[in-house]
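Novice: What follows is a single structure, and I will ask about it in a moment.
There are 2 protein chains.
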Amino acid sequence: MTSEKSYHMTPAEFRRYGRAVVDWIADYYAKIESLPVFSPVKAGQIRALLPAHPPSTGESFDDILKDVAAVILPGVTHWQSPNFFAFFPANVSAPSIFGEMISAGLGVQGMLWATSPACTELETHVLDWVAEMLNLPAKFRSTHSGGGVIQDSASSASLCAVLAARERATQYATNEQGCDGRLVAYTSNQAHSSIEKAVKIAGIGRKNLRLIEVDEHLAMRPQELARQIALDRQAEHVPFFVCATVGTTSSNAMDPLPEIGRICREHDLWLHVDGAMAGTAALCPEFRSIHDGLEFADSYCFNPHKWMFTNFDCDCFFVAERQSLIDALSILPEYLRNKATDSGAVIDYRDWQIPLGRRFRSLKLWFVIRHYGLEGLRHHVRRHVQLAQDFAGWVQADDRFELAVPPPLNLVCFRHRGGDSVNQQLMDRLNQSGDLYLTHTRLQDRLTLRLCVGQTHTELRHVTCAWRRIREVTAELE
Amino acid sequence: MTSEKSYHMTPAEFRRYGRAVVDWIADYYAKIESLPVFSPVKAGQIRALLPAHPPSTGESFDDILKDVAAVILPGVTHWQSPNFFAFFPANVSAPSIFGEMISAGLGVQGMLWATSPACTELETHVLDWVAEMLNLPAKFRSTHSGGGVIQDSASSASLCAVLAARERATQYATNEQGCDGRLVAYTSNQAHSSIEKAVKIAGIGRKNLRLIEVDEHLAMRPQELARQIALDRQAEHVPFFVCATVGTTSSNAMDPLPEIGRICREHDLWLHVDGAMAGTAALCPEFRSIHDGLEFADSYCFNPHKWMFTNFDCDCFFVAERQSLIDALSILPEYLRNKATDSGAVIDYRDWQIPLGRRFRSLKLWFVIRHYGLEGLRHHVRRHVQLAQDFAGWVQADDRFELAVPPPLNLVCFRHRGGDSVNQQLMDRLNQSGDLYLTHTRLQDRLTLRLCVGQTHTELRHVTCAWRRIREVTAELE
Chain A
1 MTSEKSYHMT PAEFRRYGRA VVDWIADYYA KIESLPVFSP VKAGQIRALL
51 PAHPPSTGES FDDILKDVAA VILPGVTHWQ SPNFFAFFPA NVSAPSIFGE
101 MISAGLGVQG MLWATSPACT ELETHVLDWV AEMLNLPAKF RSTHSGGGVI
151 QDSASSASLC AVLAARERAT QYATNEQGCD GRLVAYTSNQ AHSSIEKAVK
201 IAGIGRKNLR LIEVDEHLAM RPQELARQIA LDRQAEHVPF FVCATVGTTS
251 SNAMDPLPEI GRICREHDLW LHVDGAMAGT AALCPEFRSI HDGLEFADSY
301 CFNPHKWMFT NFDCDCFFVA ERQSLIDALS ILPEYLRNKA TDSGAVIDYR
351 DWQIPLGRRF RSLKLWFVIR HYGLEGLRHH VRRHVQLAQD FAGWVQADDR
401 FELAVPPPLN LVCFRHRGGD SVNQQLMDRL NQSGDLYLTH TRLQDRLTLR
451 LCVGQTHTEL RHVTCAWRRI REVTAELE
Chain B
1001 MTSEKSYHMT PAEFRRYGRA VVDWIADYYA KIESLPVFSP VKAGQIRALL
1051 PAHPPSTGES FDDILKDVAA VILPGVTHWQ SPNFFAFFPA NVSAPSIFGE
1101 MISAGLGVQG MLWATSPACT ELETHVLDWV AEMLNLPAKF RSTHSGGGVI
1151 QDSASSASLC AVLAARERAT QYATNEQGCD GRLVAYTSNQ AHSSIEKAVK
1201 IAGIGRKNLR LIEVDEHLAM RPQELARQIA LDRQAEHVPF FVCATVGTTS
1251 SNAMDPLPEI GRICREHDLW LHVDGAMAGT AALCPEFRSI HDGLEFADSY
1301 CFNPHKWMFT NFDCDCFFVA ERQSLIDALS ILPEYLRNKA TDSGAVIDYR
1351 DWQIPLGRRF RSLKLWFVIR HYGLEGLRHH VRRHVQLAQD FAGWVQADDR
1401 FELAVPPPLN LVCFRHRGGD SVNQQLMDRL NQSGDLYLTH TRLQDRLTLR
1451 LCVGQTHTEL RHVTCAWRRI REVTAELE
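In structure tokens:
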């Protein structure tokens, strides 16, 4: 058997090409500012460069790597460019990339504690660290009634929260029942689309999701929530779940957790708090007030893969009572039974998430926290917030522009006073120029531009340049 | 700003430590056969080695890398060891690891076509390649009514299939309705636990999942399926979904797709086919009969992250009519609107999956297919099947042992004739020895050992050694 052609790379080839890939990534970062942030390709342009059929025989890795540059790179929108200000960031860092590399090399599948104890225990431990770093209520730690788990995204975390809430309200899993159309969920009309998606997936039905009105800061009105719950109870619906947002996607609005929390407590509703991007700010004591009232929450999530230098996918999802989540999601077929699971002394994370399998994702988060330390992470959060506040100041000082809302942290929502059409043209021209990438939303029923400062390597010069380009293109339009 | 401490690694440090990580992985593979396959640690042992609190200031990457070896490695169950025969494999390869590295380096988020056109177009294109490589019906290609998408796992693919089926049967998403308890789903009593989990998540209710009886080959009995559907219709339930399995987890049993497919067609039920591990075999023309009847299916999935040298997560999920899937999962908030989406000319994969965000996962699959070519992939599939058949022959030739079922491909289900207790002891001692890792199931109500040949570097000598160790430990028990 050993004399036969194996088709595998030899160990020497692995070392050689592995180094070439590391250098390729380093070269990419060295030139990233020279590339158009927003890919200018047309629909179908990348596919047209790919062979119609798969290769019958293997190709050299040199050729493959050449094609990444020649075929793939022109179709990449550069999320890691310091001129990326769109959506929310998805920033990464060297230690995180190395964590992904080691995870890929080990190739472990952490569905059960037994299938790699270190994969489970490092995750539990690092999420307890994270709870300490953000100063979350103690109940969210594994050493209390709750604990943390890494999900692929806040969407999946929200879905898990809905399912755990459904279980606590109905014991569907235990009783083997399906939904009956009576359950009702609540969130603000500014909440992320993933709440609507979760409610649809879970069979609750979109018509049973109430989108509560917001105040002038685009934060949920607690009185409206209370009023709607009362109406639903009167109509013999069964309120079971509220999602409050700490930093909405459109405008970074902060729902008032203490008031919402008291209403949830009164009516025994599951409170999930979505802090997908803004949660990271709680690393810094001066921003921790965003989490006031979190002691009322049953679950909480934020994404180190947005603003904490950790590669997607890394959403940290915390529950106050882990048993509700496990009850909603556990399965135990014979082929997954093992002594460790039967002992009850270990966590099997397959019961804390939608899929069965899972990668070793805590490695990258562990690497990031150890490389930067709390000090380094705080430094960058403060720097990003300061840059956004600087930008907001420039906007306010220019009569042609206005802020849609005061920016609480690192997201600035602003617009030209000339109306939707001017703002649309401004955004399109800026993005087409390749110099920066901005996205939009609608606030106060007007098209509003969003500039979010959160990319790993964004510095003052990039934000200054963005503002200069905005003024230049504005001048062209006038 | 530039004179300030950045806490980031410098480009030179990135190159230096990146090479160190590549070498670390290469060194790991060089010594992997000397490590106990199944981690011998006790619950809590890894956590006890970790500092109670996160570091205030950053640490050196040398120290971090040292701890991977000292703290993490003892708690790793080595899925990439050639002596790993447990569960189904999760094999990886050098080109796949490099694909993960470049994906981590680019750090793109492919939720929309516009957020990185290459991420979407490469995925669509490579999944059309895969459909060609497995000779799937043309309807599953993007150039027809369907198309492929990479999911994290077959569990998520099954959930998407259930949701698309629910949508086609009820138009819940369009009509904004929740589940009403009438929908009924079907699968065999040998199907993967993820089907039960999907049905629970989707609000269908476990009581509305019928587990159809199987024949002596542990394959679903189509007459039983037809009978149950008739009973449910009589009781005014609404049958809507059938999952058939090509290669069950317990025993690699193959459900009869043509007969099941005709029943689904007759009753207008969504047929999902789960080929999570065995599907890869269809790379080889001589094994393609496992997919006979796939022309009746509405959706199909298999996992290159199991048996096709591609890192977890990489499940290929194909649908025959993409619109049902999109109807079930689409959301379009203002902040995600863009010209490409509005044009209808592009795919936005956020509407083909549970989460919103997604990694650039097609890179690793593209790398694997190009590196090995069809020829190399077929070589390894044939080699693994042959090794499993060799092992099955040795079992049959030993009076103390028996095969539970004839092994169709690369999974051998066997047991000592001495009963459950002997088999349990045999498995426990083998796994504790660290020489190999086997898992079990229950077949014909008896504890049965499973030996699955599918690890990238498993050769004849590893399978020979496994059989030698099995006989040695058996002798100790006698």
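These protein sequence lines are chains A and B, in that order. If you're matching positions, the first sequence starts at 1 in the numbering used here and goes up one per residue. If you're matching positions, the second sequence starts at 1001 in the numbering used here and goes up one per residue. The beta carbon of each residue, even a glycine, is placed where N, CA and C say it ideally should be. As the structure is a computational prediction, the values presented were derived from the model and not from experiment.
(1) Run down chain B in chain order and give the residues with a C-beta less than 7 Å from the C-beta of Val346 of chain A.
(2) How many Å lie between Leu1035 of chain B and Val108 of chain A at the Cα?
(3) Can you tell me where the beta strand (DSSP E) holding Leu73 of chain A begins and where it ends?
(4) Roughly how many angstroms separate the alpha carbons of Thr124 of chain A and Val149 of chain A, rounded to a whole number?
(5) Using a C-beta cutoff of 7 Å, does Ala1047 of chain B count as contacting chain A?
(6) DSSP three-state call for Ser158 of chain A: helix, strand or coil?
(7) Using alpha carbons as the reference points, say which of B:Ser1096, B:Ser1103, B:Phe1088 and B:Val1068 lies closest to Leu73 of chain A.
(8) What number of angstroms, rounded off, separates the C-alpha of Leu1328 of chain B from the C-alpha of Leu112 of chain A?
(9) So the candidates are B:Tyr1029, B:Glu1013, B:Ala1030 and B:Lys1031; which of them puts its Cα closest to the Cα of Asp23 of chain A?
(10) Where Gly1279 of chain B and Pro222 of chain A are concerned, what is the direct C-alpha to C-alpha distance, given to the nearest angstrom?
(11) Could you say which of B:Tyr1349, B:Cys1452 and B:Arg1469 lies nearest to Gly1147 of chain B if we only look at CA atoms?
(12) Counting C-beta neighbours from all protein chains within 10 Å, is the total for Lys1031 of chain B 16 or more, i.e. buried, or is it exposed?
(13) Around the Cβ of Asp997 of chain B, are there at least 16 other Cβ atoms within 10 angstroms (buried) or fewer (exposed)?
(14) Using the C-alpha atoms, what's the distance from Glu478 of chain A back to Lys66 of chain A?
(15) Whole-angstrom Cβ separation of Tyr372 of chain A and Tyr1007 of chain B, contact assumed at under 8 Å?
(16) Ordered along the chain, which non-local residues of its own chain (more than five positions away) have a Cβ less than 6 Å from that of Val1184 of chain B?
(17) Measure the beta-carbon distance from Pro1333 of chain B to Ser362 of chain A and round it to whole angstroms, keeping in mind my assumption that it falls under 8 Å.
(18) In angstroms, rounded to a whole number, what distance separates the CA positions of Glu1132 of chain B and Asp1420 of chain B?
(19) Which of the residues in the stretch 349 to 371 of chain A, read from start to end, lie with their CB under 7 Å from any CB of chain B?
(20) Taking the beta carbon of Asn1091 of chain B as the centre, do at least 16 other beta carbons fall within 10 Å, making it buried, or is it exposed?
(21) For Met1 of chain A, I'd like the list of residues in its chain whose CB is within less than 6 Å of its CB, leaving aside the five on either flank, ordered along the chain.
(22) My assumption, with CB atoms under 8 Å, is that Ala86 of chain A sits in contact with Thr439 of chain A. Please give the rounded CB distance.
(23) Using a C-beta cutoff of 7 Å, does Tyr1437 of chain B count as contacting chain A?
(24) Taking a Cβ distance cut-off of 7 Å, strictly less, list which residues of the stretch 1145 to 1179 of chain B are near chain A, in chain order.
(25) Report the three-state DSSP secondary structure of Arg1221 of chain B (helix, strand or coil).
(26) Excluding five sequence neighbours on each side, which residues of the same chain lie with their C-beta closer than 6 Å to the C-beta of Ser330 of chain A?
(27) Going by the beta-carbon positions, is the gap between Ile354 of chain A and Ser156 of chain A smaller than 7 Å?
(28) Is the shortest distance between the beta-carbon of Pro36 of chain A and the beta-carbons of chain B less than 7 Å?
(29) Considering Pro239 of chain A, what are the terminal residues of the alpha helix (DSSP H) in which it resides?
(30) Phe61 of chain A and Gly1357 of chain B - do their beta-carbons sit closer together than 7 Å?
(31) Measuring straight from C-alpha to C-alpha, what distance separates Asp1315 of chain B and Met1277 of chain B?
(32) For Thr474 of chain A, list the residues DSSP reports as bridge partners.
(33) Skipping 5 residues on each side, what residues in its chain have a beta carbon closer than 6 Å to that of Glu1033 of chain B?
(34) Would Asn1311 of chain B pass as an interface residue toward chain A - the criterion being a Cβ-Cβ separation below 7 Å?
(35) Am I right that Leu377 of chain A and Met427 of chain A are in contact with their C-beta atoms under 8 Å? What's the rounded C-beta distance?
(36) Extract the residue ranges of the alpha helix (DSSP H) inside the stretch 37 to 69 of chain A, only unbroken runs of 4 or more that lie entirely within it.
Specialist: The relevant details are as follows:
(1) Those within 7 Å of Val346 of chain A in chain B are Ala1043.
(2) Between Leu1035 of chain B and Val108 of chain A, the C-alpha separation is close to 14 Å.
(3) No beta strand (DSSP E) holds Leu73 of chain A; DSSP gives it neither H nor E.
(4) Thr124 of chain A and Val149 of chain A: Cα-Cα distance of roughly 7 Å.
(5) The amino acid occupying residue 1047 of chain B in the given sequence is Arg; Ala does not appear at that position. Yes, because at least one Cβ of chain A sits closer than 7 Å to the Cβ of Arg1047 of chain B.
(6) Ser158 of chain A falls in the helix class under three-state DSSP.
(7) Selection B:Ser1096, B:Ser1103, B:Phe1088 and B:Val1068 evaluated against Leu73 of chain A yields B:Ser1103 as nearest (Cα-Cα).
(8) Inspection of the sequence shows that residue 1328 of chain B is occupied by Ala rather than by Leu. Taking the straight line joining both Cα atoms gives about 31 Å.
(9) Closest by alpha carbon: B:Glu1013.
(10) Roughly 52 Å separates the two Cα atoms.
(11) The closest CA to that of Gly1147 of chain B, considering only B:Tyr1349, B:Cys1452 and B:Arg1469, is found on B:Tyr1349.
(12) By the neighbour-count rule (16 or more Cβ atoms within 10 Å), Lys1031 of chain B is not buried but exposed.
(13) For chain B, the structure presents residues 1001 to 1478; residue 997 of chain B sits outside this window and is missing.
(14) The alpha-carbon atoms of Lys66 of chain A and Glu478 of chain A are separated by roughly 44 Å.
(15) About 5 Å; that satisfies the 8 Å criterion.
(16) Short of 6 Å from the beta carbon of Val1184 of chain B, and not among the five residues preceding or following it, lie these beta carbons of its own chain, in chain order: Asn1208, Asp1232, His1237 and Pro1239.
(17) That belief does not hold up - the Cβ atoms of Pro1333 of chain B and Ser362 of chain A are roughly 31 Å apart, past 8 Å.
(18) Between Glu1132 of chain B and Asp1420 of chain B, the alpha-carbon positions lie close to 44 Å from each other.
(19) If the cut-off is 7 Å between Cβ atoms, the stretch 349 to 371 of chain A has Ile354, Pro355, Leu356, Gly357, Arg359, Phe367, Ile369, Arg370 and His371 near chain B.
(20) Buried, since its Cβ has 16 or more Cβ neighbours within 10 Å.
(21) Confidence is the limiting factor: at Met1 of chain A the pLDDT is only 41, short of 50, which leaves the residue's position unreliable and the question unanswerable from this model.
(22) Confirmed, Cβ separation roughly 4 Å.
(23) Not one beta carbon of chain A lies nearer than 7 Å to the beta carbon of Tyr1437 of chain B.
(24) For the stretch 1145 to 1179 of chain B, the beta-carbon criterion of a distance under 7 Å to any beta-carbon of chain A is satisfied by Asp1152, Ser1153, Ser1155, Ser1156, Leu1159, Leu1163, Tyr1172, Ala1173, Glu1176, Gln1177, Gly1178 and Cys1179.
(25) Assigned with DSSP and collapsed to three states, Arg1221 of chain B falls in coil, not helix or strand.
(26) A distance below 6 Å between beta-carbons, with the five flanking residues on each side excluded, links Ser330 of chain A to the following residues of its chain, in chain order: Asp351.
(27) Yes.
(28) Judged by the 7 Å Cβ criterion, Pro36 of chain A is not in contact with chain B.
(29) Premise fails: Pro239 of chain A lies in the beta strand (DSSP E), Val238 to Thr245, not in any alpha helix (DSSP H).
(30) In this structure, Phe61 of chain A does not lie closer than 7 Å to Gly1357 of chain B by Cβ.
(31) Taking the straight line joining both Cα atoms gives about 10 Å.
(32) Within the DSSP bridge table, the entry for Thr474 of chain A names no partner.
(33) Nothing listed; no residue qualifies.
(34) Contact of Asn1311 of chain B with chain A is assigned, a C-beta pair being separated by under 7 Å.
(35) Met427 of chain A and Leu377 of chain A do not touch by the CB rule: their CB atoms are close to 31 Å apart, not below 8 Å.
(36) Complete alpha helix (DSSP H) runs here, min 4: 61 to 67.
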